[in-house]
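Be aware that the sequence shown starts at 1, since it is given in full-length UniProt numbering, and climbs by one per residue. We put the CB at the ideal spot given by N, CA and C, even for glycine. Before any comments, here is the structure.
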Amino acid sequence: MVYETIAFALFALLTVGFSLGVVLVDDVFHASLLLGGSLLSVAVHYVLLQAEFLAAMQILVYVGGVLILITFAVMLTRRETDPEVTNV
C-alpha cells in the first residue's frame, strides 16, 4: 500500500511537471515531446488504478497517434531562419 502511494505521488509530480513544461517551453517541438511524457504518465495512472485497457488505449491512440501526428506536422512546417539573410 505504501509503494502504491509513493508511485502515485511520483507520477503525479511527473505529470504536473511535464504539463507545466508544455505550457512554459518556447519551442513547439519540445512542447510536443513534453506532451508525450505527460500522456505516458497519465497512462501509468490508469495502470495504478488497474485499468489496463484504458492505459493501452491511452498509449495507442494519444501517444501513438495524435502525438506522432503533431510531431510530424511541427517537423514538416518548421522554418529555419538565417539571421544574415533578410527579405528584400
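**Prompt:** Just the Cα atoms here: how many angstroms apart are Met-57 and Gly-36?
**Reply:** Within the sequence shown, residue 57 is the residue found at index 57, counting from 1. Within the sequence shown, residue 36 is the residue found at index 36, counting from 1. Computed Cα separation, rounded: 14 Å.
**Prompt:** Helix, strand or coil: how does DSSP classify Val-2 here?
**Reply:** Position 2 of the sequence shown, counted from the first residue, corresponds to residue 2. It is helical.
**Asked** From Phe-18, Tyr-46, Phe-29 and Ala-55, pick the residue whose C-alpha is nearest to that of Ile-70; which is it?
**Response** Taking the sequence shown and counting its residues from 1, the one referred to as residue 70 is at position 70. Minimum Cα distance to Ile-70 is reached at Phe-29.
**Message:** For a test of the three-state rule: what should DSSP assign to Ala-7, helix, strand or coil?
**Reply:** Reading the sequence shown from its first residue, position 7 is the one you call residue 7. Helix at Ala-7.
**Prompt:** Under a three-way DSSP split, which group does Glu-84 fall into?
**Reply:** Here residue 84 is taken as the residue at index 84 of the sequence shown, counted from 1. Three-state result, Glu-84: coil.
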